[in-house]
Every structure is written in structure tokens, then in C-alpha cells.
Amino acid sequence: MILNDKEINKLVKFTNKFIDEKVESFKFLSSDIIENELKNIQVDFQHQNYTLFADLCDDVIFENIENYSENYMNENHIVNIENLAKLVFENYIIKLRFLLKNNSLILDNEKNIFENVEKLKLMKEKEYLTSEEVSTLYQIKKDKLLDLRTKKKLKYFQEEENGKVLFAKKDVEEFMKTYTF
1 MILNDKEINK LVKFTNKFID EKVESFKFLS SDIIENELKN IQVDFQHQNY TLFADLCDDV
61 IFENIENYSE NYMNENHIVN IENLAKLVFE NYIIKLRFLL KNNSLILDNE KNIFENVEKL
121 KLMKEKEYLT SEEVSTLYQI KKDKLLDLRT KKKLKYFQEE ENGKVLFAKK DVEEFMKTYT
181 F
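One point on numbering: in full-length UniProt numbering, the residue at position 10 of the sequence shown is 10, and numbering is uninterrupted.
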């Protein structure tokens with residue numbers, strides 16, 4: 001007996017755990033590896049080579065269809081495996097694409113975090129800080145920093161060449177120990 005589309009679609013949910021685990025194994029790998037897997041899977045799918053998931057589909061069919069009496073080598077059984085495997089492949093491709101898209105977002109995010117940490121490290125090593133750097137390092141809003149500067153509560157000096165306002169890091173640290181907002 002050849003299973004109808006409704007029965008095949010019901011069987012797909014039994015393959016989801018396996019597919020999710022397979023996709024999960026790629027989660028922390030590079031985008032290149034995921035792209036390579038996706039490319040290989042798409043080639044198999046285009047050439048209707050469903051052997052990767054044939055055993056899974058075979059097991060799912062026999063375990064979940066009542067009174068299924070087809071022989072392993074029967075042509076109807078092979079058609080059922082192909083129909084189910086096609087949907088499993090589509091599901092796998094969709095999930096790999098989703099992972100690839102999200103993986104690149106995560107990697108970009110991690111890169112930004114790394115860059116920000118590096119900037120903070122460089123700022124902490126400086127002897128003199130700009131207003132922006134003081135705001136970033138000590139979480140003082142720029143308008144509050146300007147107010148502290150004009151009220152002469154926080155020492156600063158201005159470069160003669162370009163007029164840039166700088167704060168001595170040690171002065172800012174001393175100020176932060178004594179002043180509460």
C-alpha cells in the first residue's frame with residue numbers, strides 16, 4: 001500500500017527529533033561547514049538521492065503505521081520511503097538555512113562584543129580620557145559630565161591644538177570614589 005500525503009505528513013513529525021539533533025550538531029560550527037553541508041544536501045535532494053535519511057524513514061514507517069505489511073523490498077515500500085525522505089530533506093534544508101542565517105547573526109554579535117571589550121581594555125590603559133571615553137567607562141551621561149565639568153567638580157584640561165577636553169584617568173577614578181549620583 002502506498003501511503004497518502006496525509007499519512008506521510010503525519011510521519012514527518014516522528015523524524016523531527018532526529019533532524020533537530022542533526023542540525024544541533026552543526027550549531028557551533030563555522031558558517032563554511034554549515035554552507036558545505038547545505039550544498040551537499042541540496043545536490044542530493046536535486047538528484048533525488050534520499051539515501052541519507054532512508055533508514056530513518058524506513059524505521060518511522062514500520063513503527064508508526066498500524067497494519068503496515070509491506071516487505072522491505074516491495075516497490076510500494078520504496079515509494080513510501082522516497083515520499084517521506086523528500087519531506088525530511090526539505091525539513092532539514094529549511095532548518096540548516098535557518099541555522100546558517102542565525103549563526104551568522106550570532107557570530108556578528110560575538111564579533112561586536114569582542115570589539116567592544118577590546119575598546120574598553122584600550123581605554124583602561126590610557127592615562128587621559130575624552131568625554132566620550134569617560135561616559136563609556138564610568139557610565140556618566142555626557143550632559144552630567146558637562147555639568148560636573150562646568151561646576152569644577154571634576155578636573156579637566158583642554159588641548160591647545162584642537163580644543164579637545166581631556167580628563168586625567170586618576171582624577172576621574174578619585175572623583176568616582178567620593179561622588180554619588
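Ideal placement from N, C-alpha and C gives every residue a C-beta, glycine not left out.
Here the stretch 20-40 makes no contact with the stretch 109-124; the two share fewer than three CB pairs at distances below 8 Å. Straight-line measurement puts the Cα of Leu-29 at about 29 Å from the Cα of Leu-11.
When the Cα atoms are used, Met-176 and Asn-162 turn out to be separated by approximately 27 Å. Taken through DSSP and simplified to helix, strand or coil, Tyr-68 comes out as coil. The criterion of a C-beta distance shorter than 7 Å is satisfied by Val-134 and Phe-167. The beta carbon of Asp-59 lies closer than 8 Å to none in the same chain, with the five residues before and after it left out.
Under the DSSP definition of a beta bridge, Ala-168 partners with Tyr-128.
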